[in-house]
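*Asks:*
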Amino acid sequence: MAGYVPGQVLGRTVTLGTLQLGRVDAAGVAWTVAKDGLRGWAGAAVRTQYTERQGAHGVWAGPTYLGARVITLAGTITAPSLAALDAAAEQLYAAASLTDTTLTVAETIPKQATVRCSGEPLVDYETDRVARYSVMLTAADPRRYALYEQGGNTKLPSGSGGVTLPITLPLTIAAGSSSGTVTLQNQGTIATSPRFVVGGPLPGFTILVQYSDSTVRQLTYTDTVGAADVLIIDTGARTVVLNGTVSRRRYLSGQWPDIPPGQTVTVQWVSAGSDPSALLWAYARSAWK
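Per the numbering used here, numbering through the sequence shown is continuous, rising by one, with the last residue being 288.
Shown next, in the form of structure tokens:
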């Protein structure tokens with residue numbers, strides 16, 4: 000183990016849960032990621048359907064989507080003793096979780112994916128100090144995301160005294176009033192799904208997402224949100240959850256919005272109520288193929 004110093008970086012760094020690979024840990028164990036030790040990170044499988052054209056050349060092409068992203072993480076563990084090597088192997092087994100775990104890869108723009116262990120973790124002892132490891136992981140959502148969400152919050156548009164639902168588009172807010180808007184940007188290469196968090200009190204509300212070509216998608220929620228309530232609308236998971244436990248999906252209607260790659264959208268909301276305590280938080284992560 001001569002030459003290894005705790006905290007030393009050993010090339011590409013990858014983090015699986017709390018396990019840091021590509022570094023020397025506090026116990027003096029060196030975790031390296033092999034040159035080909037991150038297979039599947041560069042691209043996910045593609046799924047589509049083709050139907051033969053009758054009486055004509057070619058096929059009819061159906062929609063094309065990414066499938067699950069299958070990642071093989073591999074490298075070498077070098078420890079100062081057999082006991083340290085055994086302990087490191089147990090760390091790897093624990094990190095290869097059967098539940099959702101964050102995999103983070105240090106790149107020029109660091110990215111992450113949510114993965115689960117989908118194959119037997121392998122640790123092959125070459126000596127009583129050195130072992131090679133391999134772990135198969137699957138990301139059900141194949142997109143690689145920015146580490147942090149970006150977004151903001153806004154109160155209802157002020158100066159209008161509330162609006163009458165349903166509304167007619169385009170919506171105009173009186174000059175001099177608060178716009179009640181948040182801007183979200185996707186700097187990646189594939190569409191991403193925003194997340195909305197609403198705090199009351201409100202008798203119901205509509206969220207409008209306007210795109211660069213002036214088209215608008217809207218989501219309307221028709222149930223009451225109390226002063227102490229928090230409603231989370233996850234457009235990627237297609238869920239509407241009140242106070243972290245209760246599904247309110249049946250009260251939401253409209254089009255699920257996404258943010259196209261390289262684009263910015265404007266999120267606005269309106270309500271028949273006008274309580275100044277009501278807030279909308281809008282968030283999104285840039286996403287890459």
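Using N, Cα and C, we set each Cβ at its ideal position, and we do this for glycine too.
Alpha carbon to alpha carbon, what distance is there between Leu218 and Pro165?
*Replies:* In this prediction, Pro165 scores a pLDDT of 49, lower than 50, which makes its location untrustworthy; the coordinate-derived value is nonetheless stated afterwards. The alpha-carbon atoms of Pro165 and Leu218 are separated by roughly 11 Å.
*Asks:* Taking only the alpha-carbon atoms, compute the straight-line gap between Thr103 and Gln19 and give it to the nearest angstrom.
*Replies:* When rounded, the distance between both Cα atoms is 9 Å.
*Asks:* With 16 other CB atoms within 10 Å as the buried threshold, where does Ile108 fall?
*Replies:* Exposed is the call here.
*Asks:* If you draw a straight line from the C-alpha of Tyr282 to the C-alpha of Pro193, how long is it?
*Replies:* Straight-line Cα distance between these residues: approximately 6 Å.
*Asks:* Please name the residue, chosen from Gly151, Leu207, Ser80 and Leu278, that lies closest to Ala26 on a Cα-to-Cα basis.
*Replies:* If we check each option's Cα against that of Ala26, Ser80 comes out closest.
*Asks:* When you compare only the Cα positions, how much space is there between Ala190 and Asp257?
*Replies:* Computed Cα separation, rounded: 6 Å.
*Asks:* Return the CA-CA distance between Leu9 and Thr113, expressed in angstroms with no decimal places.
*Replies:* Cα to Cα, Leu9 sits roughly 24 Å from Thr113.
*Asks:* Where does Tyr132 sit, in a helix, a strand or coil, going by DSSP?
*Replies:* Reduced to three states, the DSSP call for Tyr132 is strand.
*Asks:* If you measure between the beta carbons of Val32 and Pro5, is that distance less than 8 Å?
*Replies:* Their beta carbons are not under 8 Å apart, which means Val32 does not touch Pro5 by this criterion.
*Asks:* Please identify the residue among Gly150, Cys116, Pro202 and Ala73 whose C-alpha is closest to the C-alpha of Asp309.
*Replies:* Since the first residue of the chain shown is 0 and the last is 288, residue 309 is not available in this structure.
*Asks:* Which two residues bound the contiguous alpha helix (DSSP H) that contains Leu84?
*Replies:* From DSSP, the alpha helix (DSSP H) with Leu84 extends over Leu81 to Ala94.
*Asks:* So, for Pro291: in the same chain, excluding its five sequence neighbours on each side, which residues have a beta-carbon less than 7 Å away from its beta-carbon?
*Replies:* Beyond the ends of the chain as shown, which are 0 and 288, falls residue 291; an answer cannot be given.
*Asks:* Which same chain residues, not among the five before or five after Gly160, have their C-beta less than 8 Å away from its C-beta?
*Replies:* Per-residue confidence for Gly160 stands at a pLDDT of 45, beneath the threshold of 50, marking its modelled position as unreliable; the derived number appears in the next sentence. So the qualifying residues of the chain are Ser273.
*Asks:* Straight-line CA distance for Val286 to Leu65?
*Replies:* Looking at the sequence shown, residue 286 is not Val but Ala. Taking the straight line joining both Cα atoms gives about 13 Å.
*Asks:* Between the alpha carbons of Val17 and Gln186, how many angstroms are there, rounded?
*Replies:* At residue 17 the sequence reads Thr, which differs from the Val that was named. Rounded to whole angstroms, Thr17 to Gln186 spans 27 Å at the Cα level.
*Asks:* Mind checking who Glu51 pairs with in its DSSP beta bridge?
*Replies:* Bridge partners of Glu51: Val58.
*Asks:* If you compare alpha carbons, which of Gln90, Arg68 and Arg143 is closest to Met135?
*Replies:* Met135 has its Cα closest to that of Arg68, out of Gln90, Arg68 and Arg143.
*Asks:* Which of the three DSSP states is assigned to Tyr147 in this structure?
*Replies:* In the structure shown, Tyr147 sits in coil (DSSP, three-state: anything other than H, G, I, E or B).
*Asks:* Going by DSSP, what residues sit across from Tyr124 in a beta bridge?
*Replies:* Per DSSP, Ala130.
*Asks:* In chain order, what residues of the same chain have a beta carbon less than 7 Å from the beta carbon of Arg131, not counting five sequence neighbours either side?
*Replies:* Answer for Arg131: Thr75, Asp123 and Glu125, listed in chain order.
*Asks:* For Tyr64, does the three-state DSSP call read helix, strand or coil?
*Replies:* DSSP places Tyr64 in strand when its eight states are reduced to three.
*Asks:* Once DSSP output is grouped into helix, strand and coil, what is the label at Arg247?
*Replies:* If DSSP states are grouped into helix, strand and coil, Arg247 belongs with coil.
*Asks:* Does the Cβ of Trp59 have 16 or more other Cβ atoms within 10 Å, making it buried, or fewer, making it exposed?
*Replies:* With fewer than 16 other Cβ atoms within 10 Å, it is exposed.
*Asks:* Thinking C-beta only, is Gly150 closer than 8 Å to Leu183?
*Replies:* Yes; because the gap between Cβ atoms is below 8 Å, this pair is in contact.
*Asks:* In angstroms with no decimal places, state the Cα-to-Cα distance between Trp268 and Phe204.
*Replies:* Between Trp268 and Phe204, the C-alpha separation is close to 7 Å.
*Asks:* Beta strand (DSSP E) containing Gln267: first to last residue?
*Replies:* Start and end: Thr263 to Val269.
*Asks:* Below 8 Å on the Cβ atoms is my guess for Leu201 versus Ser270; work out the distance and round it to an integer in Å.
*Replies:* Right, their Cβ atoms sit about 5 Å apart.
*Asks:* To which residues does DSSP link Arg284 through a beta bridge?
*Replies:* DSSP lists no partner for Arg284.
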